[in-house]
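Structure, as structure tokens:
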Amino acid sequence: MSKNDWSATQYLKFEDERTMPARDLLARVPLQAPRRVVDLGCGPGNSTAVLATRYPDAHIVGIDSSPDMIQKAKASLPAYEFRVEDLRSYSPPPSVDLFFSNAVFQWLKKEERIAVIKGLMETQPSGGVFAFQVPDNLMEPSHVLMREVATNGPWAATLSTVGRDTFQSPQEIYDQLKDLSSEVNIFRTEYYHSLEDHKAIVEWVKGTGLRPYVDPLSPRDKEAFLSEYLKRLESAYPKLIDGRVLLPYPRLFVVADKDGSVAQQSLFYESYVPNISTHAKYKYIVRGASYLEGQHYLGYSPA
1 MSKNDWSATQ YLKFEDERTM PARDLLARVP LQAPRRVVDL GCGPGNSTAV LATRYPDAHI
61 VGIDSSPDMI QKAKASLPAY EFRVEDLRSY SPPPSVDLFF SNAVFQWLKK EERIAVIKGL
121 METQPSGGVF AFQVPDNLME PSHVLMREVA TNGPWAATLS TVGRDTFQSP QEIYDQLKDL
181 SSEVNIFRTE YYHSLEDHKA IVEWVKGTGL RPYVDPLSPR DKEAFLSEYL KRLESAYPKL
241 IDGRVLLPYP RLFVVADKDG SVAQQSLFYE SYVPNISTHA KYKYIVRGAS YLEGQHYLGY
301 SPA
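Counting in UniProt numbering, the sequence shown runs from 1 upward without gaps.
What follows is the structure, given as structure tokens:
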């Protein structure tokens, strides 16, 4: 595996927690029987497996830029098609009913994201759906402390340009996708993951957010960086009564319906909202109504 590749093994150390948002996102997709589905940034195939369970008769393709992730996905789901692709240059097959993405668009540059999404949506038939979720955690201690450690150490110059662009606001997403969509539904969920200890937080982010910071470092500097990062995490996250640590993890979800899938939504929400993860609190907007922690309130309320 190359230095710039992703580690499927590291990523899957928290497979259940990483798959939970994929299940919650798919629960909001109103399509009953799509024929073609593409899993954008499929990783090791955990999100593809969720799609395959919901849509056993669909033709499902998973793409990812990581060869290691694709190799793992092929081994886990040999009956499905997986390809190494770059989202920015990906040419999808015609008439994809559902584009689905579990935590990938945050890795694109801010100015690239909407252009890529809209370019893919333009290839979809009327009634198609584009559904994605991204972490909304740049201001969480886990990520603030990464940046603090990066700027305070012998590695500061090496890491001076490292970082993830902030994601578009819900208002920006809505405004920029609405011209292609009959509905743009946006909601935010904050998960609370109970982890064994502070070292488990490090292991979690080593699979994703911490990679750009530690990959460029020498083994010695990497060890020192992780040691300082762990020390700061121990101050930021208090232990629970049983010695475990609670990691809050907010995520932003978007489901854009392209001209025609809205008619299915009233039945869909009644059927699928009760299946939302019980480990999360959530608030989302759908068709002018606000839903907060499972309760329905009339009138508009921003998420």
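Idealized CB from N, CA, C, for every residue including glycine. Bear in mind the structure is a predicted one, so any value in this text is a computation, not a measurement.
Check whether residue i and residue j have beta carbons under 8 Å apart
i           : j    : result
I60         : D86  : no
L98         : Y229 : no
V116        : R88  : yes
V245        : L226 : no
P92         : T48  : no
P21         : A150 : no
residue 380 : V255 : Not covered by the structure: residue 380. The range shown for the chain is 1 to 303.
P154        : D221 : yes
P219        : L159 : no
I201        : Y237 : yes
Residues sharing a beta bridge with residue i, DSSP
i    : result
K239 : V245
D179 : D179 is not bridged to any residue.
F132 : S101, V254
Among the options, nearest to residue i - alpha-carbon criterion
i    : options                : result
G41  : I201, K178, V134, D197 : V134
K109 : R164, G62, I70         : R164
D57  : D136, G207, S181, A79  : A79
D257 : V96, Y90, K74          : V96
F132 : S218, G207, F167       : F167
L180 : D16, G119, P67, W204   : G119
P141 : E223, L210, Q171, A224 : L210
Proximal residues to residue i (C-beta, below 6 Å), its chain only, five neighbours per side dropped
i    : result
Y192 : L246, P248
A156 : none
R232 : L145
F130 : F99, M121, A256
S65  : D86
E234 : H198
Q264 : Model confidence at Q264 stands at a pLDDT of 43, short of 50, so the residue's coordinates are unreliable; what they give is reported in the following sentence. The residues are P30.
A280 : In this predicted model, A280 has a pLDDT of only 45, less than 50, meaning its place in the structure is not dependable; the value taken from the coordinates is given anyway. These residues qualify, in order along the chain: T189, Y191.
S261 : Its pLDDT being 48, under 50, S261 is placed unreliably in this model, and the value from its coordinates should be taken loosely. Excluding residues within five positions, the ones whose Cβ falls inside 6 Å are P30, G127, V129.
I70  : D64, F82, V84
Spatial neighbours of residue i in its chain, beta-carbon cut-off 7 Å, leaving aside the 5 residues before and after
i    : result
K74  : F82
Q176 : I114
L138 : R164, T166
Y17  : This sequence places Glu at residue 17; Tyr is not what is there. For E17, where only same-chain residues beyond five positions count, the Cβ hits under 7 Å are H193.
N275 : Model confidence at N275 stands at a pLDDT of 40, short of 50, so the residue's coordinates are unreliable and nothing is read from them.
8 Å CB neighbourhood of residue i in its chain, flanking five on each side removed
i    : result
L26  : V50, L51, R54, F100, A131
D136 : F167, R188, P250, R251, L252
L195 : I201, W204, R244, V245, L246, L247
- request: Tell me the start and end of each unbroken alpha helix (DSSP H) in the UniProt domain "Methyltransferase" (37-122) that is at least 4 residues and wholly inside, in chain order.
  value: 46-54, 67-76, 110-121
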